[in-house]
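Those protein sequences? They're chains A and B, same order as listed.
Reading the first sequence from the start, the letters are residues 94 to 392 in my numbering.
Reading the second sequence from the start, the letters are residues 114 to 167 in my numbering.
Yeah, the Cβ is synthetic: ideal placement off N, Cα and C, and Gly gets one too.
For reference, the structure is listed below as structure tokens.
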Amino acid sequence: MGAYAEPSLADVGDYVALMKPRVMSLVVFTALTGLAIAPVRIHPLTGFTALLCIAVGAGAAGVLNMWYDADIDARMLRTARRPIPMGRIHPREALTFGVILAGFAVVVLGLLVNVLAAALLAFTIFFYAVIYTIWLKRATPQNIVIGGAAGAFPPMIGWAAATGSISLEPVILFLIIFFWTPPHFWALALYRTEDYARAGVPMLPVVKGDDVARRQILLYTLILAPLGLAPWLLGFAGPLYGATATLAGAIMLWLAIQVWRERRPEDRASRNLFAFSVLYLFVLFAVLLIDRGFGGMIG
Amino acid sequence: MNGHKDENGVVLTEAQKRARRSRSIAIALALGGLVILFYVMTLVKGPAVLEKPF
């Protein structure tokens with residue numbers, strides 16, 4: 094008997110896991126914010142379609158990332174149980190799945206919503222899959238600084254879906270997520286240094302050492318904290334957002350200072366900063382949604 | 114655990130059959146949802162569906 098391709102044991106849950114559903118939910122949430130604060134009212138079903146396409150596009154980017162990084166994932170404790178390293182999904186199946194999802198997400202968004210949003214989504218997927226995953230992640234300790242831009246695009250895509258254009262407000266939201274990304278991921282890398290080193294990923298703490306990483310976290314947070322106030326200062330968010338951003342930014346800065354002062358083997362400050370950074374972004378965007386009262390969503 | 118190949122072709126195990134069935138159902142639901150989405154959005158957009166994107 095000749096060799097044959099083993100029939101797949103992967104079920105729907107494995108394919109869903111490939112799409113990084115937790116990342117997808119954050120992408121959808123930030124895109125929803127961009128959509129909701131836009132000054133143009135669109136039909137709710139158009140808004141739903143836009144968010145669905147953005148979610149699928151984000152999932153596609155996650156699939157393509159897992160396809161390419163299967164070798165790294167197999168060597169890291171945090172990611173070794175993902176479907177491809179576990180052998181539940183063949184890499185070729187994952188690649189096909191990711192490409193089809195990306196194609197459908199972009200085309201459907203372009204046909205049913207508008208071309209600008211579709212173009213931004215296509216660029217975001219390309220940026221994450223090619224620029225970050227294939228090129229930067231393995232090449233430079235600045236990988237997540239530049240590559241993090243991919244995670245910052247969804248509010249712009251949401252805004253573009255509603256208005257067909259880009260303006261200052263979504264750019265501000267882009268910048269908030271852009272400057273949030275380094276402290277978020279470097280805090281994780283600080284207490285997962287051995288994991289990243291084992292996989293050969295040049296994260297900043299691995300390549301430049303803890304001290305440089307801690308200093309960089311503090312510097313980026315010093316930019317992030319006042320930047321988070323920009324929607325209120327520029328007038329497209331109210332005092333509720335201003336107060337929330339002030340408090341959250343102060344906590345984020347305090348935690349970054351604790352990280353800057355911490356030394357191994359202690360890692361409590363790094364873990365606290367990582368955990369709070371997730372809450373920080375969620376709270377900022379949630380309050381922005383509440384503050385604007387979904388004015389842009391209801392047609 | 115593994116399927117095997119005999120003179121009748123590849124024979125799937127029960128686990129493989131269940132996995133294939135779940136994937137097939139998911140694909141069918143996704144495609145059906147896409148059809149419904151296009152139908153509903155055509156109604157929402159009205160005559161605007163005739164406008165070319167470029």
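Which same chain residues, not among the five before or five after residue i, have their C-beta less than 8 Å away from its C-beta?
i: A:D303; result: L283, T286, R356 and R357
i: A:D288; result: M169, L170 and R171
i: A:G293; result: I165, R168 and R231
i: B:M114; result: Confidence in B:M114 is poor, its pLDDT being 47 and thus under 50, which makes the residue's placement too unreliable to answer from.
i: A:V192; result: A153 and L157
Have a look at the options and flag the residue whose alpha-carbon is nearest the alpha-carbon of residue i.
i: B:R136; options: A:F190, A:A154 and A:L157; result: A:F190
i: A:V300; options: A:P234, A:W273, A:W279 and A:F246; result: A:P234
i: A:A222; options: A:S370, A:H136, A:A151 and A:A343; result: A:A151
i: A:R181; options: A:L194, A:A167, A:R171 and A:I193; result: A:A167
i: A:A110; options: A:E99, A:I177 and A:D164; result: A:I177
i: A:S118; options: A:I130, A:E186, A:G155 and A:T172; result: A:G155
i: A:V116; options: A:D104, A:M159, A:A131 and A:I130; result: A:M159
i: A:A148; options: A:F378, A:G240, A:L348 and A:V199; result: A:V199
i: A:P132; options: A:L348, A:F378, A:P263 and A:R354; result: A:P263
i: B:A143; options: A:I130, A:K113, A:C146 and A:E99; result: A:C146
i: A:Y108; options: A:N236, A:P184 and A:W252; result: A:P184
i: B:V123; options: A:K113, A:E99 and A:I193; result: A:E99
i: A:I130; options: A:W252, A:L261, A:N236 and A:I193; result: A:W252
Quick one: measure Cβ to Cβ for residue i and residue j, integer angstroms, because I've assumed they're closer than 8 Å.
i: A:I250; j: A:L214; result: 5 Å
i: A:W325; j: A:A341; result: The pair is not a contact, with the Cβ atoms about 12 Å apart (cut-off 8 Å).
i: A:T123; j: A:P247; result: 5 Å
i: A:A245; j: A:F267; result: 4 Å
i: A:P275; j: A:V238; result: 5 Å
i: A:L281; j: A:F367; result: 5 Å
i: A:L202; j: A:A210; result: 6 Å
i: B:A132; j: A:S101; result: 6 Å
i: A:L128; j: A:A254; result: 6 Å
i: A:R308; j: A:M169; result: The Cβ separation is near 25 Å, so there is no contact.
i: A:G240; j: A:I224; result: 7 Å
Tell me whether the beta-carbon of residue i lies closer than 8 Å to the beta-carbon of residue j.
i: A:V121; j: A:L157; result: no
i: A:F89; j: A:L320; result: Here chain A has residues from 94 to 392 only, and residue 89 of chain A is not among them.
i: A:D162; j: A:T256; result: no
i: A:F278; j: A:A242; result: no
i: A:T142; j: A:V208; result: no
i: A:V352; j: A:S363; result: yes
i: A:G335; j: A:L327; result: no
i: A:R231; j: A:P298; result: no
i: A:I269; j: A:L311; result: no
i: A:V380; j: A:L333; result: yes
i: A:A330; j: A:D384; result: yes
i: A:L382; j: A:T126; result: yes
i: A:L348; j: A:F369; result: yes
Using a Cβ-Cβ cutoff of less than 6 Å, which residues in the same chain neighbour residue i once the five nearest sequence positions on both sides are dropped?
i: A:L346; result: T314 and A318
i: A:G95; result: Low confidence applies here, because A:G95 scores a pLDDT of 47, under 50, leaving its location unreliable; read the following figure in that light. None.
i: A:G106; result: none
i: B:V162; result: T155
i: A:I316; result: F272
i: A:A195; result: A153 and I218
i: A:D360; result: Y284
i: A:N365; result: L348
i: A:K113; result: G155
i: A:M390; result: Unreliable placement is indicated for A:M390, whose pLDDT of 45 sits below 50; the coordinate value is still reported in the next sentence. Cβ within range, chain order: A129 and G140.
Looking at the secondary structure, which residues open and close the beta strand (DSSP E) in which residue i lies?
i: A:G140; result: Looking at the DSSP string, A:G140 is not in any beta strand (DSSP E); the run it does join, the alpha helix (DSSP H), is P137 to Y161.
i: B:V123; result: G122 to V124
If you follow the alpha helix (DSSP H) that residue i is in, where does it begin and where does it stop?
i: A:L361; result: Contrary to the premise, residue 361 of chain A reads as Arg rather than Leu in this sequence. R361 to R385 is the span of the alpha helix (DSSP H), which, as asked, contains A:R361.
i: A:N207; result: Here A:N207 belongs to no alpha helix (DSSP H), and DSSP marks it neither H nor E.
i: B:S137; result: E127 to K158
i: A:G127; result: P114 to I130
i: A:D107; result: V105 to L111
i: A:H183; result: Neither: A:H183 is in no alpha helix (DSSP H) and is coded neither H nor E.
i: A:T233; result: Unbroken run through A:T233: none, as it is neither H nor E.
i: A:P358; result: Taken as a continuous stretch (DSSP letters only), A:P358 belongs to no alpha helix (DSSP H), as it is neither H nor E.
i: B:N164; result: Position check: residue 164 of chain B holds Glu in this sequence, whereas Asn was assumed. Premise fails: B:E164 is in no alpha helix (DSSP H) and is neither H nor E.
i: A:R174; result: Run containing A:R174: none; DSSP gives neither H nor E here.
i: A:L281; result: L261 to L283
i: A:L312; result: D303 to L320
i: A:E287; result: T286 to A292
Excluding the 5 residues flanking residue i on each side, which residues of the same chain have their C-beta closer than 7 Å to its C-beta?
i: A:G392; result: Only weak support is given to the placement of A:G392: the predicted model assigns it a pLDDT of 37, under 50, and the question is left unresolved by the model.
i: A:A187; result: L111, V156, M159, W160 and I177
i: B:R134; result: none
i: B:K158; result: none
i: A:A173; result: D166 and A167
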